[in-house]
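Here's the structure we're looking at; comments come further down.
Numbering (the working numbering), first residue to last: 1068 to 1690.
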């Protein structure tokens, strides 16, 4: 724009100078810090929003009509702001009061608990469909989330990790990145805390061997329990979860769960979090369960967490390493802490002692929630009454049928979990074939997410969907997977479906899968899932006999061999292979005696010299 044109602009036209209001919005504040190669970097925490805009959004949310602006502005602007805020607060209180009077809409979500002498099982059911399942046995150590005072056994600079003795069979694996200071995880929004911030000590990976040499003591928390031959995975970033808050003893960051999406509610909770009396050298995270709660709930929760941390600190100072300074609560207490949310209609439990204990635990944080806990006293087992046992049996089978007629085939291996989708009886042809395939894949995607939680499957997961030619269909299935995984507490990472119809994803797993907990490796097949057939064993027996007979002296007469086998193999030798055995005897001038031994494995057999009763060959002995 030329200077000439600029001078002739009409009065009603506006002009925004360079920078404008956006320069104020994008103004950097102290706060969020990131770690990069051991250095602390400052960056913007969040964009500032004008009070006027916030007020407008609040009035709109409450249904209040904003006052019309007066040209002459006869009243004080501050008075107008007070009136607007007062009006919006009044409307909010009225709506909250009316909401309490109205009958609450039930979600259909229930928690069913079976507390037995050796095992406690917790099932989360929605509309009578099993959504989540957790179990704990009386002898389980509850390693995950427990805090230990350990001793560094050795440092592996090549792996950039330390192995720490925590008093159990296997040393804990502690990566250097789990020692360095770190930001909150992505599922939490960092909140700027009021007042001055403490200066965090700067530490890099190069400093770790000097700070934690072999033999030194270190406090850590278990992230992942021992799985297979691997020891537990640990971190120095301690976190103590409560009902509404998570205390971070070694961090000064404040955060709020991103699952709370209402902007007005987030603003209110941020203000509450900033006003709490949290020590400057500690941090806290506001959990999703805190949505809609008053400040008093957070104050009580923080007080309990601080008392808990004092006990832990005392043990850290006085107990000798290696030792456990904080044991993760049992399943009953964790259920109250993690699963008892506002959308749960009721909790059913079949043990009176556990019921009374749960009442006490819930009463400490919310007396109103005690009404939702009910004692189950019927003779029929609680899991049978609510058809959970049947659903568990179906859920943990290799083949899972879908309502559409399709099916999932799930195989857990050492390297990965493979899931295959078949159309089954749901056949489509012609023009409807594409829509049929899409329908089955969408249904399968929803069921797969459910199965992942039920079975506690983790690591690398490869899903073989039915081939979809249309890219839009593949995107729909991918989005369906991501949508269903939002309710999953475990961290997941999903890649788009490839042109081959394969989806790769990873899921965090803190402990062994449910299948590994319920089942031992089959001694019959050694975990292979199959055994050699009788015809295969017949071939192997004849091969060994040939080897023995070819190596004997030719002048040896009256040579008798006794073969002990599994009864199923003997049945094969007597029936289908009878002529082969007769010809074998004629060829090698030997007499063969076969005997069945019920104690023998299907792949086991033994060849003896009948004259001396000496053992010549023993194959497939199993302990």
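By construction, the Cβ of each residue, glycine as well, lies at the ideal position given by its N, Cα and C atoms.
- Looking at 1237, 1303, 1469 and 1207, the one whose alpha-carbon comes closest to that of residue 1220 is 1237.
- For residue 1204, the secondary structure class from DSSP, reduced to helix, strand or coil, is strand.
- Excluding the 5 residues flanking it on each side, residue 1180 has same chain C-beta neighbours closer than 6 Å at 1189 and 1416, in chain order.
- Look at the beta carbons and you see the region 1283-1302 not touching the region 1321-1332: under three pairs across the two are nearer than 8 Å.
- In the three-state scheme derived from DSSP, where H, G and I count as helix and E and B as strand, residue 1634 is classed as helix.
- Spanning the alpha carbons of residue 1625 and residue 1681 requires a straight line of approximately 16 Å.
- If you check the CB distance, residue 1280 and residue 1224 do not come in under 9 Å.
- Collapsing the DSSP output to three states places residue 1508 in a helix.
- Within the region 1173-1204, the complete beta strand (DSSP E) segments of 3 residues or longer fall at 1176-1182, 1186-1193 and 1196-1204, listed in chain order.
- Membership of residue 1685 in the beta strand (DSSP E) is indicated by the continuous run 1681-1686.
- Contact between residue 1488 and residue 1472 does not hold, since the beta-carbon distance rounds to 12 Å and is not under 8 Å.
- Taken in chain order, the complete beta strand (DSSP E) segments of 3 residues or longer contained in the region 1244-1307 are 1255-1258, 1284-1291 and 1300-1302.
- Counting C-beta pairs with one atom in each stretch, the region 1506-1526 and the region 1196-1203 have three or more that are closer than 8 Å, which means they touch.
- Rounded to whole angstroms, the separation of the alpha carbons of residue 1644 and residue 1676 is 22 Å.
- Exposure of residue 1652 is indicated by the presence of fewer than 16 other C-beta atoms within 10 angstroms of its C-beta.
- Annotation for residue 1610: no residue places its beta carbon closer than 8 Å to its own, counting only its chain and skipping 5 residues before and after.
- Check the Cα spacing between residue 1405 and each of 1649, 1418, 1388 and 1432: the tightest is with 1432.
- Under a 10 Å Cβ-count criterion, residue 1633 is classified as buried, with 16 or more other Cβ atoms of the shown protein chains found around its own Cβ.
- A Cβ-Cβ contact shorter than 9 Å links residue 1340 with residue 1353.
- Pairing residue 1511 with residue 1468, the inter-Cα distance amounts to about 9 Å.
- Contact between residue 1239 and residue 1316 does not hold, since the beta-carbon distance rounds to 19 Å and is not under 8 Å.
- Distance between residue 1619 and residue 1628, taken at the CA atoms: about 12 Å.
- Secondary structure note for residue 1551: its alpha helix (DSSP H) is the uninterrupted segment 1538-1551.
- In the three-state reduction of the DSSP assignment, residue 1651 falls in the helix class.
- Taking each of 1380, 1305, 1343 and 1671 in turn and checking the Cα distance to residue 1630, the smallest one comes out for 1671.
- With the rule of 3 Cβ pairs closer than 8 Å, the region 1383-1395 does not count as touching the region 1348-1368.
- Per the coordinates, the alpha-carbon of residue 1308 lies some 13 Å from the alpha-carbon of residue 1211.
- Exposed is the label assigned to residue 1602, since fewer than 16 other Cβ atoms lie within 10 Å of its Cβ.
- An exposed status is given to residue 1482, since fewer than 16 other beta-carbon atoms sit within 10 Å of its beta-carbon.
- For residue 1469, no alpha helix (DSSP H) segment is defined, and its DSSP state is neither H nor E.
- With contacts defined as CB atoms closer than 9 Å, residue 1608 and residue 1504 fail to qualify as a contacting pair.
- With at least 16 other beta carbons inside 10 angstroms of its own, residue 1337 counts as buried.
- Residue range 1419-1432 is occupied by the alpha helix (DSSP H) that includes residue 1420.
- Counting every other CB atom within 10 Å of its CB across the protein chains shown gives residue 1446 a total below 16, marking it as exposed.
- Under the DSSP assignment, residue 1370 falls outside any beta strand (DSSP E), being part of the alpha helix (DSSP H) whose first and last residues are 1362-1385.
- The Cβ-Cβ distance between residue 1357 and residue 1318 does not fall below 9 Å.
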